[in-house]
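Residue numbers (this note's numbering), protein chains in the order written: chain F, 17 to 120; chain P, 7 to 485.
Beta carbons are placed, not taken as given, at the ideal position from N, Cα and C, and that holds for glycine.
To start, the structure under review is shown below, and the notes come after it.
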């Protein structure tokens with residue numbers, strides 16, 4: 017399958033990756049080559065086959081909500097630079113993007 | 007072999023409890039051996055971190071009495087959370103990261119008296135088959151330093167093979183315990199999906215991931231598995247199945263056991279010397295009373311394409327959390343998106359980026375049904391193949407673990423060619439089955455593993471057969 021660099025750049029943006037020119041070029045070739053091998057899947061008749069998302073286990077995802085607290089190496093309030101009323105206070109990472117600016 | 011791994015783990019624990027052997031001496035010997043194979047020595051680069059003083063302190067603090075792993079040195083793959091040592095996943099993104107909690111398997115090891123002597127090298131985030139994709143340099147195979155130890159748990163396999171510890175933990179997503187065990191000439195067990203808690207295992211592909219165990223011998227692996235297995239309320243996939251110490255399977259009769267030999271794993275293109283070694287292992291089972299039966303698993307050839315759709319898809323989701331905001335590396339950028347992109351692009355290595363891109367691609371609009379849904383359907387066909395064979399009276403399957411012996415460092419540049427190294431192992435992960443690799447002999451001086459695959463939660467049968475092969479081959483398994 018051929019993947020052009022623009023297509024890979026779009027996927028990279030979805031994956032929060034920024035790829036420089038020669039790296040992008042090499043990766044588009046490699047990913048395209050790998051996907052060519054996946055074409056074998058298309059030849060399989062799966063018309064009446066339900067997808068298997070995970071191996072069957074004897075596990076139950078549901079349990080009583082009574083687990084013991086996770087033992088931590090340090091007290092919970094030391095994971096953040098500041099702590100108030102049971103909440104972490106953290107420095108702003110960056111301003112919100114894409115929000116409308118100017119007067120409401 | 008020198009070091010504590012020269013003595014079986016069960017015997018080490020007994021001798022420590024009986025006062026016949028000093029725990030401190032054992033732990034010091036393990037670290038001395040790690041030094042011999044570390045920088046300035048053989049430079050295997052199998053351990054990423056260790057703390058001799060902390061380990062000795064833990065050894066001195068062991069409570070009195072018998073413990074299953076009393077004073078036994080154990081190595082832990084560096085994608086499993088520990089409190090005293092970093093958990094880097096061999097990635098720049100998590101360089102210097104120390105977890106605030108420990109994995110359930112690590113707690114169970116410590117509760118059983120094991121002493122953690124180091125965190126082992128791996129392919130970054132467990133993505134690879136050679137341990138060459140570590141941000142901190144490749145691990146070398148102790149059998150032949152010019153070759154890879156396999157991967158992704160190559161550091162753990164090398165540590166056991168080099169004699170640092172008789173037991174090590176690894177993780178399996180597509181063969182990352184069994185393949186390096188085969189390459190390094192040790193035993194590697196991948197338990198049934200759900201058998202062992204993944205709480206504290208850094209997720210790669212959650213529908214496939216499972217913690218596994220390396221042992222110098224089958225009994226070492228059985229003992230390690232007995233300690234870490236069992237239900238954990240902190241892992242929703244963990245099953246409440248009874249846990250047994252499969253050391254009891256040693257010497258158990260094989261009469262009536264039906265062992266399948268799937269023809270798809272013995273293609274004409276496979277090195278006939280590997281075929282001969284696997285058939286020799288099968289012959290030991292036949293001589294002990296088992297029946298060897300030719301069987302077919304017709305969808306085997308589709309396992310690699312299906313796996314390399316499903317695993318990257320899940321990886322692209324799981325690794326979204328490494329964005330500079332919460333864990334480890336942060337590379338500042340002009341705004342939030344720029345920070346995410348700069349952090350991830352600089353922090354991830356090439357193989358991780360390849361898989362994240364691949365996974366994002368197959369999940370993206372227009373491709374989901376063609377790739378991801380299709381791969382999940384093929385996964386069902388592969389699992390059905392196994393179920394059908396087991397339903398017709400076959401108790402376990404015997405195959406080669408890998409299609410080649412350990413290859414030279416740097417020899418495989420094409421990513422898909424590297425993926426083919428997992429061709430005989432990914433099927434068990436897709437189907438959620440247990441598997442074990444046992445040494446079966448050597449080709450050109452390099453170890454070859456025989457793989458046993460079994461029914462879900464029937465590790466007992468695999469250990470019974472593995473013990474029989476080990477006992478029958480003796481030193482021939484390492485020649």
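- Under the 8 Å Cβ criterion, the segment 181-200 of chain P does not count as touching the segment 44-51 of chain F, having fewer than three qualifying pairs.
- Cβ proximity to chain F below 7 Å picks out 382, 383, 384, 385, 386, 387, 389 from the segment 382-396 of chain P.
- Here residue 332 (chain P) carries a coil assignment [DSSP, helix/strand/coil].
- Around the Cβ of residue 457 (chain P), a 10 Å sphere holds 16 or more other Cβ atoms; the residue is buried.
- In the three-state reduction of the DSSP assignment, residue 323 (chain P) falls in the helix class.
- Rounded to the nearest whole angstrom, the C-alpha separation of residue 291 (chain P) and residue 310 (chain P) is 29 Å.
- Residue nearest to residue 349 (chain P) within the set P:363, P:361, P:334, P:137 is P:334 (criterion: CA-CA distance).
- Counting along the chain, residue 63 (chain P) sits inside the alpha helix (DSSP H) bounded by residues 58-66.
- The beta carbon of residue 236 (chain P) is closer than 7 Å to those of 249 in its chain, skipping five residues each way along the sequence.
- Closest in alpha carbon position to residue 66 (chain F), among P:423, P:397, P:451, P:387, is P:387.
- By DSSP's assignment, residue 30 (chain P) forms no beta bridge with any residue.
- Assigned with DSSP and collapsed to three states, residue 435 (chain P) falls in helix.
- Shown in chain order are the members of the segment 295-309 of chain P whose Cβ falls below 7 Å from a Cβ of chain F: 308.
- Secondary structure of residue 402 (chain P) (DSSP, three-state): strand.
- Around the beta-carbon of residue 90 (chain F), fewer than 16 other beta-carbon atoms lie within 10 Å, marking it exposed.
- Contact annotation: the segment 44-55 of chain P touches the segment 115-131 of chain P, with at least three C-beta pairs closer than 8 Å.
- Taking 9 Å as the CB threshold, residue 83 (chain F) lines the interface with chain P.
- Note that the C-beta distance between residue 201 (chain P) and residue 110 (chain P) is not below 9 Å.
- DSSP places residue 357 (chain P) in the helix class (H, G or I) of the three-state scheme.
- Among the residues of the segment 183-210 of chain P, those with a Cβ less than 7 Å away from any Cβ of chain F are 199, 200, in the order of the chain.
- When the beta-carbon positions are compared, residue 214 (chain P) and residue 280 (chain P) stay at least 9 Å from each other.
- Residue 203 (chain P) is classed as buried because its beta carbon has at least 16 other beta carbons within 10 Å across all chains shown.
- Under the DSSP assignment, residue 297 (chain P) falls in the beta strand (DSSP E) whose first and last residues are 297-301.
- For residue 87 (chain F), the C-beta contacts it makes with chain P under 7 Å involve 107, in order along the chain.
- Rounded to the nearest whole angstrom, the CA to CA distance from residue 87 (chain F) to residue 88 (chain P) is 12 Å.
- Residue pairing by DSSP places residue 50 (chain F) opposite no residue, since no beta bridge is assigned to it.
- C-alpha of residue 25 (chain P) to C-alpha of residue 76 (chain P): approximately 11 Å in a straight line.
- At a Cβ-Cβ threshold of 9 Å, residue 68 (chain F) and residue 382 (chain P) count as neighbours.
- Of all residues in the segment 17-38 of chain F, those with a C-beta nearer than 9 Å to a C-beta of chain P are 19, 23, 24, 26, 27, 28, 29, 30, 31, 32, 33, 34, 35, 36, reading in chain order.
- When the alpha-carbon of residue 242 (chain P) is set against those of F:96, F:72, F:35, F:24, the nearest one is in F:72.
- Nearest CB-CB separation between residue 53 (chain F) and chain P: below the 9 Å threshold.
- Looking at the DSSP output, residue 150 (chain P) sits in a beta bridge with P:147.
- With contacts defined by Cβ atoms closer than 9 Å, residue 353 (chain P) and residue 297 (chain P) do not form a contacting pair.
- Contact with chain F is absent for residue 279 (chain P), since none of that chain's Cβ atoms lies less than 9 Å from the residue's Cβ.
- Distances from the alpha-carbon of residue 455 (chain P) to those of P:463, P:464, P:445 put P:445 closest.
- Apart from sequence neighbours up to five positions away, the residues of its chain that approach residue 43 (chain P) with a beta-carbon distance below 6 Å are 50, 168, ordered along the chain.
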